[in-house]
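2 protein chains.
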Amino acid sequence: MLNERSLTVHQDCDQCPIRHRAVCARCESDELERLEEIKYYRKFEAGQMVIWSGDKMDFVGSVVSGIASLTQTMEDGRTQMVGLLLPSDFVGRPGRLTAAYDVIATTDLVMCCFRKSPFEEMMLRTPHIAQRLLEMTLDELDAAREWMLVLGRKTAREKIASLLAIIARRDASLHMTTRAQDGSVAFELPLTREAMADYLGLTLETVSRQISALKKDGVIVLAGKRHVTVPDLERLMEEAGDDTDGGMLV
Amino acid sequence: MLNERSLTVHQDCDQCPIRHRAVCARCESDELERLEEIKYYRKFEAGQMVIWSGDKMDFVGSVVSGIASLTQTMEDGRTQMVGLLLPSDFVGRPGRLTAAYDVIATTDLVMCCFRKSPFEEMMLRTPHIAQRLLEMTLDELDAAREWMLVLGRKTAREKIASLLAIIARRDASLHMTTRAQDGSVAFELPLTREAMADYLGLTLETVSRQISALKKDGVIVLAGKRHVTVPDLERLMEEAGDDTDGGMLV
DNA sequence: AACTTACTTTGACGCAGATCAATTCCGTGG
DNA sequence: CCACGGAATTGATCTGCGTCAAAGTAAGTT
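Line by line, the protein sequences are chains B and L.
First residue of the first sequence: 1, per the UniProt record's numbering; consecutive thereafter.
First residue of the second sequence: 1, per the UniProt record's numbering; consecutive thereafter.
This is the structure:
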């Protein structure tokens with residue numbers, strides 16, 4: 001799967017996250033119309049498989065609402081999440097026949113899809129789309145590599161802080177956070193502890209313990225299990241060991 | 001940096017790994033000539049920095065000979081290699097101003113470069129190049145994500161086996177391995193123990209210990225510190241915990 | 001041949017995070 | 001309202017890998 005770093009939120013239609021004009025601001029408008037014609041929606045329930053690794057992929061698309069995850073699994077069951085698809089993120093691989101990872105609906109999910117072959121044909125006709133997709137894919141590659149540093153070198157506490165910082169940043173850019181006058185940021189955790197563990201290469205117990213520790217140290221405040229308030233985003237990012245000012249991740 | 005998954009080895013010129021006709025088999029030949037015109041070579045010694053993270057990138061190119069690594073570093077010095085550039089791999093990010101990672105010559109290195117702006121102009125003129133680069137970048141993304149599984153979920157022994165399997169496979173595709181009649185494969189390890197550790201998210205001591213263990217168990221045979229013989233590639237891949245038949249990595 | 005320097009191996013020990021095991025929390029439906 | 005079940009917490013213990021330290025190896029230099 002290609003994923004994330006959307007074609008950005010549709011301005012004209014709050015149902016569909018793909019702002020076609022962002023894909024290709026310089027294309028002839030009839031191409032854009034054609035894109036509109038081959039569009040359709042798919043819904044998934046939390047926990048449902050969207051795509052199995054190795055399956056034939058006959059569509060590309062993007063997330064309208066909900067969260068999906070890209071996951072790799074070893075025969076013995078160990079799993080690693082390799083990407084998180086938030087609303088506006090792109091899924092699919094122009095030019096590829098089969099899916100490389102499992103895609104799972106983490107929450108209830110709505111996707112806006114395009115049949116792959118017409119999309120690809122259009123890509124061939126309109127060069128700016130390939131250029132835009134290249135741009136997006138490079139962003140994803142950056143994100144994946146930033147995540148490699150997290151997985152390979154960070155401590156459990158730093159990993160949790162990194163993930164929270166990323167979600168806070170991403171949610172902020174989608175205006176999903178509450179930002180109080182004192183600068184604190186609040187958001188809803190979209191992942192179970194287990195999903196976080198799979199993303200971070202940890203166990204769910206370690207995730208739980210580190211969240212408790214961050215809470216005890218006042219880095220975050222929890223209301224219920226899922227509602228997180230970050231009093232000081234700077235502090236959280238220090239905890240994450242982040243040099244990267246605001247490197248875009250996921 | 002974009003990297004790896006080359007524009008493949010030049011057929012006409014063994015000096016230059018970029019087979020321009022592979023980039024764009026369908027372009028007009030004068031475009032290819034133009035690419036030839038803006039080409040130049042750069043040499044680096046082992047250990048030299050090719051590019052600093054954050055620096056302005058004014059060229060793209062590919063590795064002719066030697067090995068380079070893409071590395072991320074935290075302020076406290078922890079480092080994670082996020083990519084390995086072998087001969088024929090591509091470096092550079094069309095459409096990006098600055099480098100996202102350090103690029104370091106792991107061995108003596110020769111690169112074939114193109115000044116970035118003419119290359120980009122050409123990319124705009126010849127759509128197949130953007131499509132080819134998209135293809136390559138998607139491959140890299142797959143590789144990065146496969147590596148996330150290695151970093152997040154595999155044991156030290158599996159990590160080492162994974163790395164050796166990848167190098168063996170990569171070298172084989174470049175005809176750099178010796179393949180004996182009994183099916184064993186032999187190659188030269190291009191990395192120090194420390195570099196391997198940085199790639200695998202381990203310490204050099206653990207790398208050394210696991211290599212000794214694999215040797216003791218007959219999975220590999222060492223002649224000197226660097227020359228590796230793999231009697232049974234299947235066995236090595238089992239040790240790597242590899243489901244992926246032959247997923248391209250690095 | 002002796003010295004230097006960088007790389008590698010091996011050992012002893014400690015700790016971060018995994019594993020195993022009980023509760024507790026909380027949302028949902030009867 | 002209670003009861004049920006998945007999610008989360010917390011505790012006790014184990015272990016793989018990191019850390020610190022020392023010694024071995026190989027290639028280049030004088």
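All residues carry an ideal CB built from backbone N, CA and C; glycine is no exception.
None of the values given here were measured: they were computed from a predicted structure.
Between which two residues does the beta strand (DSSP E) holding leucine 164 of chain L run? Taking the second sequence and counting its residues from 1, the one referred to as residue 164 of chain L is at position 164. Here leucine 164 of chain L belongs to no beta strand (DSSP E); instead the alpha helix (DSSP H) covers 156 to 173.
_My output table needs one value for valine 64 of chain L: the three-state DSSP class, helix, strand or coil._
Here residue 64 of chain L refers to the residue found at position 64 when the second sequence is read from its first residue. It is a strand residue.
Query raised in the report: Going along the chain, which unbroken runs of the beta strand (DSSP E) with 3 or more residues stay wholly within the region 177 to 238 of chain L?
Result: 185 to 188, 221 to 223, 227 to 230
Work out the CA separation of serine 173 of chain B and leucine 189 of chain L for me, nearest whole Å. What you label residue 189 of chain L is simply residue 189 of the second sequence in a count that begins at 1. What you label residue 173 of chain B is simply residue 173 of the first sequence in a count that begins at 1. Rounded to whole angstroms, leucine 189 of chain L to serine 173 of chain B spans 45 Å at the Cα level.
Using only CA atoms, which one of B/Gly47, B/Ser53, B/Glu75, B/Leu85 lies nearest to valine 64 of chain B?
Walking along the first sequence from the start, residue 64 of chain B turns up at place 64. Nearest C-alpha to valine 64 of chain B: B/Leu85.
Helix, strand or coil at methionine 148 of chain L [DSSP, three-state] | As a working note, residue 148 of chain L is residue 148 in the second sequence. Reduced to three states, the DSSP call for methionine 148 of chain L is helix.
| request: Identify which residue in L/Glu75, L/Ile211, L/Ala105 has its Cα closest to the Cα of methionine 49 of chain L. | output: Walking along the second sequence from the start, residue 49 of chain L turns up at place 49. Measuring from the Cα of methionine 49 of chain L, the nearest candidate turns out to be L/Ala105.
Euclidean distance between Cα positions of alanine 99 of chain L and leucine 200 of chain B: For the purposes of this step, residue 99 of chain L is taken as the residue at position 99 of the second sequence. For the purposes of this step, residue 200 of chain B is taken as the residue at position 200 of the first sequence. Rounded to the nearest angstrom, the two C-alpha atoms are 26 Å apart.
Report task. Enumerate in chain order the residues of its own chain whose CB-to-CB distance from alanine 130 of chain B is below 7 Å, with the five nearest sequence positions on each side excluded. Result -> If you number the first sequence from 1, residue 130 of chain B lands on position 130. Apart from sequence neighbours up to five positions away, the residues of its chain that approach alanine 130 of chain B with a beta-carbon distance below 7 Å are Met123, ordered along the chain.
Open item on the list: Please report the distance separating the alpha-carbon of glutamate 205 of chain L from that of tyrosine 40 of chain L.
Closed with: In the second sequence, residue 205 of chain L corresponds to position 205, counting from 1. In the second sequence, residue 40 of chain L corresponds to position 40, counting from 1. The alpha-carbon atoms of glutamate 205 of chain L and tyrosine 40 of chain L are separated by roughly 40 Å.
- Between the Cα of isoleucine 211 of chain L and the Cα atoms of L/Ile160, L/Arg179, L/Phe119, which residue gives the shortest distance? As a first step, residue 211 of chain L is located in the second sequence; it is residue number 211 there, counting from the start. If you compare the alpha carbons of L/Ile160, L/Arg179, L/Phe119 with that of isoleucine 211 of chain L, the shortest gap goes to L/Ile160.
> With a cut-off of 8 Å, do at least 3 Cβ pairs link the region 225 to 240 of chain L to the region 181 to 188 of chain L?
Replying inline: yes
Residues that DSSP places opposite leucine 109 of chain B in a beta bridge
Along the first sequence, read from residue 1 onward, the residue named residue 109 of chain B stands at position 109. Note: leucine 109 of chain B sits in a beta bridge opposite B/Phe44.
Determine, using beta carbons only, whether arginine 93 of chain B and leucine 133 of chain L come nearer to each other than 9 Å. The sequence position of residue 93 of chain B within the first sequence is 93, counting from 1. The sequence position of residue 133 of chain L within the second sequence is 133, counting from 1. Contact flag unset, no.
Open item on the list: Can you pull the chain L neighbours of proline 127 of chain B, defined as C-beta to C-beta under 7 Å?
Closed with: For the purposes of this step, residue 127 of chain B is taken as residue 127 along the first sequence, with counting starting at 1. Here the neighbours are Pro127, Ala130.
May I ask you to list the residues that DSSP assigns as paired with leucine 85 of chain B? Position 85 of the first sequence, counted from the start, is the residue given in the question as residue 85 of chain B. In the DSSP output, where bridge partners are listed per residue, leucine 85 of chain B has B/Ala68.
Can you tell me whether tryptophan 147 of chain L is buried or exposed, with buried defined as 16 or more other CB within 10 angstroms of its CB?
Here residue 147 of chain L refers to the residue found at position 147 when the second sequence is read from its first residue. Answer is buried; the Cβ neighbour count reaches 16.
Mind checking which residues open and close the beta strand (DSSP E) that includes methionine 49 of chain B? As a first step, residue 49 of chain B must be located in the first sequence, where it is residue number 49. Taken as a continuous stretch (DSSP letters only), the beta strand (DSSP E) holding methionine 49 of chain B covers 49 to 51.
Out of L/Met237, L/Gln80, L/Phe90, L/Gly61, which one is the CA nearest neighbour of proline 157 of chain L? Numbered from 1 along the second sequence, position 157 holds the residue referred to as residue 157 of chain L. Strictly speaking, residue 157 of chain L in this sequence is arginine, with proline absent from that position. Of the candidates L/Met237, L/Gln80, L/Phe90, L/Gly61, the one whose C-alpha sits nearest the C-alpha of arginine 157 of chain L is L/Met237.
| alpha helix (DSSP H) segment containing leucine 124 of chain B, residue limits | In the first sequence, counting from the first residue as 1, residue 124 of chain B sits at position 124. Looking at the DSSP string, the run of the alpha helix (DSSP H) that includes leucine 124 of chain B is 116 to 125.
Would a C-beta distance cut-off of 9 Å place proline 87 of chain L and glycine 61 of chain L closer than the cut-off? As a working mapping, residue 87 of chain L is identified with position 87 in the second sequence. As a working mapping, residue 61 of chain L is identified with position 61 in the second sequence. No; because the gap between Cβ atoms is not below 9 Å, this pair is not in contact.
| task | Using a Cβ-Cβ cut-off of 9 Å, state whether glutamine 210 of chain L counts as contacting chain B. | result | Position 210 of the second sequence holds residue 210 of chain L. Not an interface residue.
**Prompt:** Under three-state DSSP, which class holds isoleucine 104 of chain B?
**Reply:** The count along the first sequence starts at 1 and reaches residue 104 of chain B at position 104. If DSSP states are grouped into helix, strand and coil, isoleucine 104 of chain B belongs with the strands.
Could you tell me if arginine 153 of chain L is buried or exposed, where buried requires 16 or more neighbouring beta carbons within 10 angstroms of its beta carbon?
The count along the second sequence starts at 1 and reaches residue 153 of chain L at position 153. Flag for arginine 153 of chain L reads buried.
| If you count every other CB in all the chains shown that lies within 10 Å of the CB of glutamine 72 of chain B, and 16 or more means buried, which is it? | The sequence position of residue 72 of chain B within the first sequence is 72, counting from 1. Glutamine 72 of chain B is buried by the Cβ-count criterion.
Members of the region 230 to 241 of chain L near chain B, C-beta cut-off 9 Å
Gly241
**Q.** Own chain, CB closer than 6 Å to lysine 215 of chain B, minus 5 neighbours either side, in chain order
**A.** Start at 1 with the first residue of the first sequence, and residue 215 of chain B comes out as number 215. Excluding sequence neighbours, lysine 215 of chain B sits near Leu222.
Discussion item. Relative to the C-alpha of alanine 68 of chain B, which candidate in B/Ala165, B/Gly47, B/Ser117, B/Thr126 has its C-alpha closest?
Written reply: For this step, residue 68 of chain B is matched to residue 68 along the first sequence. Checking every option, the nearest Cα to that of alanine 68 of chain B belongs to B/Gly47.
Query raised in the report: Of the residues L/Thr192, L/Ala240, L/Leu202, which one's Cα is nearest the Cα of glycine 224 of chain L?
Result: As a working mapping, residue 224 of chain L is identified with position 224 in the second sequence. Checking every option, the nearest Cα to that of glycine 224 of chain L belongs to L/Thr192.
Name, in chain order, the residues that DSSP records as bridge partners for glutamine 131 of chain L. If you number the second sequence from 1, residue 131 of chain L lands on position 131. In the DSSP output, where bridge partners are listed per residue, glutamine 131 of chain L has none listed.
Are glycine 83 of chain B and alanine 143 of chain B closer than 9 Å when you measure CB to CB? Here residue 83 of chain B refers to the residue found at position 83 of the first sequence. Here residue 143 of chain B refers to the residue found at position 143 of the first sequence. Yes.
- Query: Between the beta-carbon of methionine 81 of chain L and the beta-carbon of aspartate 198 of chain L, is there less than 9 Å?
  - Reply: Locating residue 81 of chain L in the second sequence gives position 81, counting from the first residue. Locating residue 198 of chain L in the second sequence gives position 198, counting from the first residue. Yes, the Cβ-Cβ distance between methionine 81 of chain L and aspartate 198 of chain L is below 9 Å.
- Item | Pairwise C-alpha distance: alanine 195 of chain L and threonine 107 of chain L | Looking up residue 107 of chain L in the second sequence gives position 107. Looking up residue 195 of chain L in the second sequence gives position 195. Between threonine 107 of chain L and alanine 195 of chain L, the C-alpha separation is close to 11 Å.
- request: Within the same chain, show all residues whose beta-carbon is closer than 8 Å to that of serine 208 of chain B, passing over the 5 residues directly before and after it, in chain order.
  value: The count along the first sequence starts at 1 and reaches residue 208 of chain B at position 208. Only residues of its own chain outside the window of five on either side were considered, and among them Arg193 have a CB closer than 8 Å to the CB of serine 208 of chain B, listed in chain order.
Pick helix, strand or coil for aspartate 242 of chain B, following the three-state DSSP scheme.
The residue you call residue 242 of chain B lines up with position 242 of the first sequence. In the structure shown, aspartate 242 of chain B sits in coil (DSSP, three-state: anything other than H, G, I, E or B).
If I measure Cβ to Cβ from threonine 177 of chain B and keep anything under 8 Å in the same chain, skipping five residues before and after, which residues do I get? For the purposes of this step, residue 177 of chain B is taken as the residue at position 177 of the first sequence. Around threonine 177 of chain B: Ala168, Asp171, Val185, Ala186, Phe187.
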